[in-house]
Amino acid sequence: MSLNETIPTLEGDATFGAYVAKPEGQPRAAIIVIQEIFGVNPGIRQKCDKLAAEGYLAVAPDLFWRIAPGIELDPDVEPEFQRALGLFGDFDQDAGIRDIEATIHHIRRTLRVAKVGCVGYCLGGRLAYMTAARTDIDASVGYYGVGIDGLLHEKHAIAHPLMLHIPTEDGFVSRETQAAMHEGLDDHPKVTLHDYEGLDHGFATEHGKRRNEEAANLADGRTAAFFAEHLG
2 MSLNETIPTL
12 EGDATFGAYV
22 AKPEGQPRAA
32 IIVIQEIFGV
42 NPGIRQKCDK
52 LAAEGYLAVA
62 PDLFWRIAPG
72 IELDPDVEPE
82 FQRALGLFGD
92 FDQDAGIRDI
102 EATIHHIRRT
112 LRVAKVGCVG
122 YCLGGRLAYM
132 TAARTDIDAS
142 VGYYGVGIDG
152 LLHEKHAIAH
162 PLMLHIPTED
172 GFVSRETQAA
182 MHEGLDDHPK
192 VTLHDYEGLD
202 HGFATEHGKR
212 RNEEAANLAD
222 GRTAAFFAEH
232 LG
């Protein structure tokens, strides 16, 4: 089992697992790594390990614990990809945000790290936006978040910095959706959008055929600078 931390729900009536990567010495801050539809798989754990090497406490909660606890899927294996799409349909996103909020509380109260950011991918990119709007997280980053145009009515609640990475040829995010995101968010004082021309969904994944090395490094460099500025 790759999950090495247990987190209580907000209600305190259950617990869920998380993968935690710890830096050497005192963490400069904590970052919650929000999974894709493939669970806390090797790619998400590698994201955590990289952040820990940069001095952050990295925590990836198992947000699918209610429907498929501990699941790890490979997007390059078609049956597993289809299973992931099914899990996405079954997933209660509002409950997921409450689990992310519980993770924030656990980091601050139990792991004793005050500054907390988040970075999410795919489904996690959408959840990073929702986390920025619905919690007191200190900074948020979303990669290729899906369906954010349907969440623009929540933008007034974004009180802390948010960065979104948008590939222009995203097969899951239409040009119309991208245009709506820009129209709704370009003038928001807390939000920064970056477009990646000609790139598709999943370009910054750690493993597999979706990765684009140059664009991933560019986006990750922007993310690193963003967290350095807003989390310390």
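All the letters of the sequence shown, read from the start, carry residue numbers 2 to 233 under our numbering.
Glycine included, C-beta positions come from ideal geometry on N, C-alpha and C.
Residues sharing a beta bridge with residue i, DSSP
| i | result |
| --- | --- |
| residue 122 | 144 |
| residue 166 | 144 and 195 |
| residue 117 | 31 |
For residue i, three-class secondary structure by DSSP
| i | result |
| --- | --- |
| residue 58 | strand |
| residue 202 | coil |
| residue 8 | strand |
| residue 73 | strand |
| residue 151 | helix |
| residue 44 | helix |
| residue 13 | coil |
| residue 50 | helix |
| residue 67 | coil |
| residue 171 | coil |
| residue 211 | coil |
Endpoints, alpha helix (DSSP H) assigned at residue i
| i | result |
| --- | --- |
| residue 232 | 214-232 |
| residue 186 | 176-186 |
| residue 107 | 94-110 |
C-beta atoms of residue i and residue j nearer than 7 Å
| i | j | result |
| --- | --- | --- |
| residue 142 | residue 224 | yes |
| residue 99 | residue 11 | yes |
| residue 158 | residue 134 | yes |
| residue 125 | residue 35 | yes |
| residue 153 | residue 130 | no |
| residue 77 | residue 210 | yes |
| residue 162 | residue 200 | no |
| residue 140 | residue 118 | yes |
| residue 49 | residue 19 | no |
| residue 104 | residue 62 | yes |
| residue 44 | residue 206 | yes |
Span of the beta strand (DSSP E) around residue i
| i | result |
| --- | --- |
| residue 90 | Not the beta strand (DSSP E): residue 90 falls in the alpha helix (DSSP H), residues 79-91. |
| residue 32 | 31-35 |
| residue 16 | 16-22 |
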